[in-house]
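*Asks:* Could you have a look at this structure, given as structure tokens, before my questions?
In my numbering, the protein residues as written are 6 to 435.
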């Protein structure tokens with residue numbers, strides 16, 4: 006038996022993000038494999054024809070709650086055979102029907118296949134390969150069932166989060182197809198979820214905009230576009246990020262309170278009135294904003310913005326302390342804000358192999374507090390980037406070769422022109 010559940014877009018995005026960051030830190034291939042399997046599901050099952058992402062895949066198939074994800078041992082035997090059924094059910098805790106009537110969802114309550122293999126004296130790789138073949142056969146069988154219904158609403162905040170995760174995947178895994186998917190979703194949100202005045206809305210459903218946006222929508226979309234800029238180096242995305250940043254402070258920042266009003270400065274509900282710190286809102290931007298503001302300040306070298314961010318962190322401290330067990334991202338943001346954030350500028354030519362290698366090193370590294378700026382000299386949109394980034398003209402490619410400038414808390418260290426030195430600076434912990 007199993008509990009009723011739904012597959013939420015934001016849950017899948019957060020889970021993939023977690024594994025991507027673990028991969029950046031350790032280079033363990035299993036983490037990359039899991040993240041890619043999540044992407045495979047989202048892109049095949051939760052993506053609209055226009056490229057945006059649906060909010061939820063529901064928990065039933067034409068009213069049958071257990072009709073899609075669960076299996077009986079008999080079904081597994083029919084698909085795999087007797088010997089393979091016993092192996093699969095033992096690993097994935099599918100109990101005999103006399104003990105658990107009805108279907109069961111495969112799970113790893115007994116530990117990972119590798120852990121179970123070691124306990125039984127089996128070859129972990131061999132077991133893993135056998136289970137993968139079993140998985141493919143059962144998946145093919147499951148595809149004959151009617152899929153659970155989808156909630157085809159498209160949310161700005163949840164799409165922004167998935168855009169950020171896909172762009173992170175493009176960087177960490179060096180797979181441009183994930184950046185392409187993120188870009189397609191970003192284009193849809195930018196074109197379809199803004200009204201004629203350019204204001205965001207929260208939800209798109211049946212070709213209509215519903216619900217005015219709140220601070221969470223602006224923050225998550227800005228995060229997604231920030232990650233997408235770092236994955237592609239296209240200044241147009243950075244320009245949109247800074248446009249959203251300006252709107253966020255114009256519409257939601259209350260200078261008297263040193264706080265964001267969740268629904269706008271004309272409303273009385275402040276962001277820390279149990280809206281962003283109660284641990285229940287998977288899309289609450291209380292966790293996203295500390296890191297975002299730190300990156301924005303580093304990107305534009307804006308001391309005033311940095312001070313606003315520090316003031317907001319102080320204002321939110323009490324609410325964060327009351328719900329500290331669910332504020333990991335907020336606390337990370339506080340830590341990075343105190344360190345000042347980093348601006349990393351890579352200057353050089355688009356067709357320079359050394360420049361591309363430098364970009365790859367940074368993209369694959371776990372540097373959450375850093376703002377990556379890709380300064381392609383001579384490219385047509387270089388002037389656009391120069392207008393967005395103060396002082397960019399003072400950070401050229403030295404002798405025409407790829408050069409990296411790293412600034413922390415508005416103080417720049419000596420430029421790096423060696424890929425070996427750069428790799429040593431950001432090597433993983435594995």
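Positions of the beta carbon are idealized from the N, C-alpha and C atoms, including for glycine.
1) Alpha carbon to alpha carbon, how far is residue 194 from residue 274? Give it in angstroms, no decimals.
2) In its own chain, which residues sit with a C-beta less than 7 Å from the C-beta of residue 363, not counting the 5 before and 5 after it?
3) Roughly how many angstroms separate the alpha carbons of residue 367 and residue 134, rounded to a whole number?
4) Under 8 Å, with one C-beta from each stretch per pair, do the stretch 384 to 392 and the stretch 248 to 258 reach the 3-pair mark?
5) Assuming residue 208 and residue 160 form a contact by the criterion Cβ under 8 Å, report the distance between their Cβ atoms to the nearest whole angstrom.
6) Give the single residue among 57, 75, 242 and 29 whose Cα lies nearest to the Cα of residue 370.
7) Report all residues from its chain with a CB closer than 6 Å to the CB of residue 13; omit the five preceding and five following residues, and keep chain order.
8) Starting from the Cα of residue 405, find the closest Cα among 374, 377, 359 and 433 and give me that residue.
9) Anyone know if the C-beta pair for residue 229 and residue 172 falls short of 8 Å?
10) Is residue 56 helix, strand or coil by DSSP?
11) How close, in whole Å, do the beta carbons of residue 44 and residue 52 come, if the pair is a contact with beta carbons under 8 Å?
12) Please return the same chain residues whose Cβ sits closer than 6 Å to the Cβ of residue 243, not counting the five positions on each side in sequence.
13) With a CB to CB cut of under 6 Å and the five nearest residues on each side skipped, what residues in its chain are close to residue 292?
14) Would you mind reading off the limits of the beta strand (DSSP E) that contains residue 347?
15) Please list the terminal residues of the continuous beta strand (DSSP E) segment that includes residue 377.
16) Any chance the stretch 140 to 156 sits against the stretch 116 to 127, with 3 or more Cβ pairs inside 8 Å?
17) In the DSSP assignment, find the unbroken alpha helix (DSSP H) run with residue 337 in it and report its ends.
18) Could I get the ranges of all uninterrupted beta strand (DSSP E) runs contained in the stretch 229 to 255, with 3 residues as the minimum, in chain order?
19) Is residue 305 buried or exposed, if buried means 16 or more other CB atoms sit within 10 Å of its CB?
20) Contact defined as beta carbons within less than 8 Å: I believe residue 166 pairs with residue 206. What is the distance between those atoms, to the nearest angstrom?
21) Which first and last residues belong to the beta strand (DSSP E) in which residue 411 is found?
22) For residue 223, which residues from the same chain have a beta carbon less than 7 Å from its beta carbon, with the 5 sequence-adjacent residues on both sides left out?
23) Flag residue 260 as yes if its beta-carbon sits less than 8 Å from any beta-carbon of chain D, otherwise no.
24) In three-state DSSP terms, what is residue 61?
25) What number of angstroms, rounded off, separates the C-alpha of residue 448 from the C-alpha of residue 141?
26) Quick check: the Cα distance between residue 322 and residue 328, rounded to an integer number of angstroms?
27) Would you call the stretch 294 to 305 and the stretch 337 to 356 in contact, with 3 or more CB pairs under 8 Å?
28) If I measure Cβ to Cβ from residue 355 and keep anything under 7 Å in the same chain, skipping five residues before and after, which residues do I get?
29) Would you decide whether residue 17 is buried or exposed? Buried here means 16 or more other CB atoms lie within 10 Å of its CB.
30) In angstroms with no decimal places, state the Cα-to-Cα distance between residue 237 and residue 174.
31) Bridge partners of residue 205, per DSSP?
*Replies:* On the basis of the coordinates in this document:
1) In the chain shown, the residue the question calls residue 274 occupies position 269. In the chain shown, the residue the question calls residue 194 occupies position 189. Low local confidence applies: a pLDDT of 44 at residue 274 is under 50, so the model's placement there is unreliable, and no value is given.
2) Numbered from its first residue, the chain shown carries residue 363 at position 358. Around residue 363: 351, 407, 409, 424 and 427.
3) In the chain shown, residue 367 corresponds to position 362, counting from 1. In the chain shown, residue 134 corresponds to position 129, counting from 1. Put simply, the backbone Cα of residue 367 is about 33 Å away from that of residue 134.
4) no
5) Numbered from its first residue, the chain shown carries residue 208 at position 203. Numbered from its first residue, the chain shown carries residue 160 at position 155. Sure, about 6 Å apart at Cβ, within 8 Å.
6) Position 365 of the chain shown holds residue 370. When each option's Cα is compared against that of residue 370, the closest is 29.
7) By 1-based counting over the chain shown, the position of residue 13 is 8. Only 61 meet the Cβ criterion.
8) Residue mapping note: residue 405 aligns to position 400 of the chain shown, counting from 1. Sorting 374, 377, 359 and 433 by C-alpha distance to the C-alpha of residue 405 places 359 at the top.
9) As a working mapping, residue 229 is identified with position 224 in the chain shown. As a working mapping, residue 172 is identified with position 167 in the chain shown. Yes, these two residues count as a Cβ contact at 8 Å.
10) In the chain shown, residue 56 corresponds to position 51, counting from 1. In this structure, residue 56 counts as coil in the three-state DSSP scheme.
11) Taking the first residue of the chain shown as 1, we reach residue 44 at position 39. Taking the first residue of the chain shown as 1, we reach residue 52 at position 47. Contact annotation, residue 44 with residue 52: C-beta distance approximately 10 Å; criterion of less than 8 Å not satisfied.
12) As a working note, residue 243 is residue 238 in the chain shown. Result list for residue 243: 234 and 393, in chain order.
13) Residue 292 sits at position 287 when you count from the first residue of the chain shown. The residues are 334 and 335.
14) Position 342 of the chain shown holds residue 347. Per DSSP, residue 347 belongs to the beta strand (DSSP E) from 347 to 353.
15) As a position in the chain shown, residue 377 is number 372, starting the count at 1. Counting along the chain, the beta strand (DSSP E) containing residue 377 begins and ends at 375 to 381.
16) no
17) By one-based count along the chain shown, residue 337 stands at place 332. Looking at the DSSP string, the run of the alpha helix (DSSP H) that includes residue 337 is 333 to 344.
18) none
19) One-based indexing of the chain shown puts residue 305 at position 300. Under this definition residue 305 is a buried residue.
20) Translated into positions along the chain shown, residue 166 becomes position 161. Translated into positions along the chain shown, residue 206 becomes position 201. The pair is not a contact, with the Cβ atoms about 17 Å apart (cut-off 8 Å).
21) Taking the first residue of the chain shown as 1, we reach residue 411 at position 406. In this chain, the beta strand (DSSP E) harbouring residue 411 covers 408 to 413.
22) Counting from 1 along the chain shown, the entry for residue 223 is found at position 218. Excluding positions up to five away in sequence, the list reads 205, 249, 252 and 253.
23) Although the question refers to chain D, the structure presented lacks it and comprises just one protein chain.
24) Along the chain shown, read from residue 1 onward, the residue named residue 61 stands at position 56. Three-state DSSP puts residue 61 in a strand.
25) The structure shown does not extend to residue 448, since the chain is modelled only from 6 through 435, so no value can be given for it.
26) Reading the chain shown from its first residue, position 317 is the one you call residue 322. Reading the chain shown from its first residue, position 323 is the one you call residue 328. Approximately 10 Å between the Cα atoms of the pair.
27) Enough Cβ pairs lie closer than 8 Å, so yes.
28) Numbered from 1 along the chain shown, position 350 holds the residue referred to as residue 355. Closer than 7 Å at Cβ, skipping near neighbours: 381 and 384.
29) Within the chain shown, numbered from 1, the residue matching residue 17 stands at position 12. Per the 10 Å Cβ criterion, buried.
30) For the purposes of this step, residue 237 is identified with residue 232 of the chain shown, where counting begins at 1. For the purposes of this step, residue 174 is identified with residue 169 of the chain shown, where counting begins at 1. Residue 237 and residue 174: Cα-Cα distance of roughly 12 Å.
31) For the purposes of this step, residue 205 is taken as the residue at position 200 of the chain shown. Paired residue(s): 199.
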